[in-house]
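The sequence shown maps to residues 59 to 298 in the working numbering. Ideal placement from N, C-alpha and C gives every residue a C-beta, glycine not left out. Here's the structure we're looking at; comments come further down.
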Amino acid sequence: MRVPAGPYRGGAPVVGVLLAAGAGRRLGRGPKALLCVDGTPQVVRMARALLRGGCDAVVVVLGASDEEVRTVLDGALTGTPEGQRVRTVVNADWESGMGSSFRLGIEAADRLLASSGPSCGLIAVALVDQPDVGEAVVRRLLAAATASTTARDLGPRVTAAGYSDAQGRLVRSHPLVFPRHWAREAAALAAGDAAGRVWLRGHPEVVDVVDVGQLATGRDVDIPQDLDGLSRGMEADVRA
Numbered sequence: 059m060r061v062p063a064g065p066y067r068g069g070a071p072v073v074g075v076l077l078a079a080g081a082g083r084r085l086g087r088g089p090k091a092l093l094c095v096d097g098t099p100q101v102v103r104m105a106r107a108l109l110r111g112g113c114d115a116v117v118v119v120l121g122a123s124d125e126e127v128r129t130v131l132d133g134a135l136t137g138t139p140e141g142q143r144v145r146t147v148v149n150a151d152w153e154s155g156m157g158s159s160f161r162l163g164i165e166a167a168d169r170l171l172a173s174s175g176p177s178c179g180l181i182a183v184a185l186v187d188q189p190d191v192g193e194a195v196v197r198r199l200l201a202a203a204t205a206s207t208t209a210r211d212l213g214p215r216v217t218a219a220g221y222s223d224a225q226g227r228l229v230r231s232h233p234l235v236f237p238r239h240w241a242r243e244a245a246a247l248a249a250g251d252a253a254g255r256v257w258l259r260g261h262p263e264v265v266d267v268v269d270v271g272q273l274a275t276g277r278d279v280d281i282p283q284d285l286d287g288l289s290r291g292m293e294a295d296v297r298a
């Protein structure tokens with residue numbers, strides 16, 4: 059797969075990484091990649107959100123029930139223009155935590171960018187278990203990533219989605235947009251359930267947290283109680 063030059067950072071290509079390897083044991087409804095929101099499995103919905111939000115290609119990291127999840131993804135995207143821009147990788151070590159999936163996804167995205175020949179590029183990392191994060195959030199973050207560099211001439215920046223907590227404080231979350239070289243650094247430090255967190259905490263001066271709270275809550279779904287408060291349409295479609 060050759061990644062075409064995208065519209066962001068002066069035409070630098072953008073590869074999305076969708077972390078979708080978990081088993082969803084605490085939720086108790088099977089892999090969260092197969093959780094249906096408005097009739098669409100999360101793995102399909104988030105892959106589309108990354109593409110429609112501005113990513114030129116997407117790497118989906120699978121793990122638990124990988125064959126079932128791949129079948130669902132292929133069934134929705136095969137034969138479509140979007141399907142041609144999605145590839146999957148399987149994390150055989152998914153039970154070790156999200157860090158290994160992050161590392162595998164970044165490595166795969168980096169190879170895609172290298173095969174296209176650019177000296178730079180962006181990698182946008184998203185989670186499969188944030189039901190109300192969609193293409194508008196991705197688009198806002200990629201636009202902000204461009205503006206933060208060109209407007210302030212601060213050099214490459216990491217751009218993170220920010221959502222307000224119960225006290226009204228803006229909290230860093232996902233998706234995250236990394237310049238390619240920093241994505242590699244973050245991947246090298248990923249371990250256990252810590253994906254990019256270790257690197258991000260060590261480099262706060264280059265991280266821009268963009269408030270996307272008007273577009274999404276950023277809530278993730280880990281336990282059954284997390285399904286409370288979803289829209290009636292979303293909740294009705296949750297995979298039993």
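Got a sec? Which residues, its chain only, sit under 6 Å from residue i by beta carbon, not counting five neighbours each side?
i	result
residue 271	221, 222
residue 123	89
residue 289	With a pLDDT of only 49 at residue 289, under 50, the local geometry of the prediction cannot be trusted, and no value is derived from it.
residue 241	164, 181
residue 110	193
residue 67	Summary for residue 67: the model assigns pLDDT 49, below 50, so the residue's position carries little reliability; its value from the coordinates is reported in the next sentence. Contacts found: 204.
Rounded to whole angstroms, what is the Cα-Cα separation between residue i and residue j?
i	j	result
residue 251	residue 187	15 Å
residue 201	residue 154	34 Å
residue 246	residue 168	13 Å
residue 170	residue 228	33 Å
residue 103	residue 267	24 Å
residue 148	residue 121	6 Å
residue 144	residue 179	17 Å
residue 239	residue 257	12 Å
residue 116	residue 73	6 Å
residue 130	residue 112	23 Å
residue 166	residue 181	10 Å
residue 139	residue 132	12 Å
residue 137	residue 278	31 Å
residue 235	residue 260	16 Å
For residue i, which option in the options has the closest C-alpha, if you only look at C-alpha atoms?
i	options	result
residue 226	198, 269, 99, 237	269
residue 82	240, 109, 152, 167	152
residue 192	70, 134, 79, 105	105
residue 119	146, 113, 96, 130	146
residue 71	172, 277, 262	172
residue 93	75, 126, 108, 161	126
residue 253	239, 162, 113, 129	162
residue 101	249, 141, 114	141
residue 184	261, 244, 108, 262	108
residue 128	110, 138, 139, 99	99
residue 217	262, 91, 114	262
Please go through the same chain and pick out, in chain order, the residues whose beta-carbon is closer than 7 Å to the beta-carbon of residue i, but skip the five residues on each side of it.
i	result
residue 273	194, 195, 198
residue 159	77, 79, 119, 121, 149, 152
residue 219	195, 199, 231, 232, 233, 268, 270, 276
residue 249	157
residue 134	102
residue 209	With a pLDDT of only 46 at residue 209, under the threshold of 50, the placement of this residue in the model should not be trusted; the figure read from the coordinates follows. Same-chain partners within the cutoff: there are none.
Just list the residues that DSSP pairs residue i with in beta bridges.
i	result
residue 215	Beta-bridge pairing links residue 215 to no other residue.
residue 255	For residue 255, which the question treats as bridged, DSSP gives no partner whatsoever.
residue 94	99
residue 183	75, 234
residue 121	123
Under 8 Å, Cβ to Cβ, is there at least one residue of chain B near residue i?
i	result
residue 223	The question asks about chain B, but that chain is absent: this structure has only one protein chain.
Under 8 Å Cβ to Cβ from residue i, same chain only, skipping five residues before and after it: list those, please.
i	result
residue 243	257
residue 224	none
residue 255	none
Compute the minimum distance between the beta carbon of residue i and the heavy atoms of the ligand ZN, and state whether it is under 7 Å.
i	result
residue 77	Looking for the ligand ZN in the displayed structure turns up nothing, as the structure carries no ligands at all.
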